[in-house]
Amino acid sequence: MTVPLASEHPILQARASGEVSADVSFEQLYDLYKRPVYAWLSLRLTSTDADDLAQDVWTIFYRRWQAWRFPAELVPEAKPVLSFLYRTCHLTLAAFRRLQERDRAGDLEQAGEVAAPIGSWQRDLEVRQCLTAAKEACSPDELAILIAKLTGVSARTIARALGVTESAVDHGYRRAIAKTRAVLSNPGAPS
Amino acid sequence: MNELDVERTLNDEWQALVEAARTNPDLAAATVDARGNRITRPVLWAELEDVRLAFAELHAALDDTAAATLATTRWSVRDVVVHLASWATEFSRQIETVAAGAAFDYLITFTPRIGPTAWNARELDRRRSMSLDDAFREIDIATGRIEELALSLPDDLLFTAAELPQTPDGRPENRWRTRLADLMLMKCWHDRYHLDRIRDLLLLE
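Structure representation (structure tokens):
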């Protein structure tokens, strides 16, 4: 089960054949994937931080897109850009977490985190019970696997991004579903 | 609710959430206008980690036969990995030297469109007996050190042009001036340049 996104294949084909410029095709790919990228990030971050990291993700992609390596034959089902964006979201999130840890360690006198104001998107999440339960129940890696699978990222790409085997991705997905179900069946119980 | 119901509901909720995502309508145009030059610490760390992971994947895929394959007119795949190890350490040393406010007591002649051939040959020769595992370890340690510097250096060091030992003609007055942030991205570019060619040569994905 995946979110039915439009295909990146025609954009890649047009770019590979030189029909469109790198900049125009970049904007087309941004339009295609801006929502899943933002959703991936904002499920784990405040909206301000998600905005900042989305800029980083698209900056990295822009730089790489200028010299994108197209295979001799473009497979219509392949989603190399979606895979790249998922991996880049994962890496920029990891960088952000490390920066946060450094800031916390270097600012011991600070009396804890200031809660970010809840934006409309976060409120939107709260009414979605299953996703909220998944967010509560899953480990960071399980959540990363779950939302990637829901977006249609291949198990291979997820495995490479997380540095685990494809079998571990499959197990992580099943575990995420089971944990979500457990929270829904017994709200408030330890997951 | 059984697990299939949970899966279906998660899928529906995720799809609705993605549709509702509030995105920046100007971001694509702003990124194009900036030519991708809005460099931040997460960008630097993510790029460095990306190549660090790519080296780990290559290491896992290389056996002795593949490592002995000729990758350029003179260098084997092993030689290219050792070459990248020498540059990983050199990039790390240069960044740390600038961060310490110290001066460089050497030059690297980097002939335009040819490269630092004498320096490359010398460093490769210094590592002649180095094992492939040790070369990958050198890359990993140096890249990890640069990642730490990408997160820890003050802004005025990371994003201000510094004078480096590279020079196009051997003259100290013509030494490169570049931001350490850009030097970090240059390392990533150089690593990927060679990694892509090794992958193509060995038919690795």
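Protein sequence lines correspond, in order, to chains A and B. If you're matching positions, the first sequence starts at 1 in the numbering used here and goes up one per residue. If you're matching positions, the second sequence starts at 1001 in the numbering used here and goes up one per residue. Think of the CB as a built atom: it goes at the ideal place given N, C-alpha and C, for glycine as much as any other residue.
- The contact set of Ser-1129/B on chain A, defined by CB atoms closer than 9 Å, is empty, because the minimum CB distance reaches about 31 Å.
- In chain order, Leu-12, Arg-15, Ala-16 place their CB closer than 8 Å to the CB of Phe-70/A, counting only its own chain and leaving out the 5 sequence neighbours on each side.
- Under the three-state reduction of DSSP output, Gln-1166/B falls in the strand class.
- Looking at the backbone, the Cα of Glu-1047/B and that of Met-1001/B are separated by about 42 Å.
- A residue is called buried when at least 16 other Cβ atoms come within 10 angstroms of its Cβ; Gln-1094/B meets this threshold and is buried.
- According to DSSP, residue pairing for Arg-1177/B in a beta bridge involves Glu-1163/B.
- In the three-state scheme derived from DSSP, where H, G and I count as helix and E and B as strand, Gly-172/A is classed as helix.
- Burial of Pro-1165/B is indicated by the presence of at least 16 other C-beta atoms within 10 angstroms of its C-beta.
- For Arg-1137/B, the nearest beta carbon of chain A is not closer than 8 Å to its own beta carbon.
- A distance below 8 Å separates the beta carbons of Tyr-62/A and Thr-1031/B.
- In this structure Glu-166/A touches Arg-156/A by the C-beta definition: roughly 6 Å separates them, less than 8 Å.
- By the C-beta criterion, the stretch 1139-1148 of chain B is judged to be in contact with the stretch 1052-1061 of chain B, since at least 3 inter-stretch pairs fall below 8 Å.
- Here DSSP, grouped into helix, strand and coil, assigns Gly-1115/B to strand.
- For Thr-132/A, the enclosing alpha helix (DSSP H) begins and ends at 129-137.
- In this chain, the alpha helix (DSSP H) harbouring Ala-14/A covers 9-16.
- Residues of chain B with a Cβ closer than 8 Å to the Cβ of Asp-107/A do not exist; the shortest Cβ-Cβ separation is about 14 Å.
- Closer than 8 Å to the CB of Glu-142/A there is not a single CB belonging to chain B.
- The beta carbon of Thr-1111/B sits no closer than 8 Å to any beta carbon of chain A.
- The CB of Thr-46/A never comes closer than 9 Å to any CB in chain B; the least such distance is about 13 Å.
- The secondary-structure analysis by DSSP pairs Ser-1129/B with nothing; it has no beta-bridge partner.
- Counting along the chain, the unbroken alpha helix (DSSP H) around Asp-1033/B starts and ends at 1027-1033.
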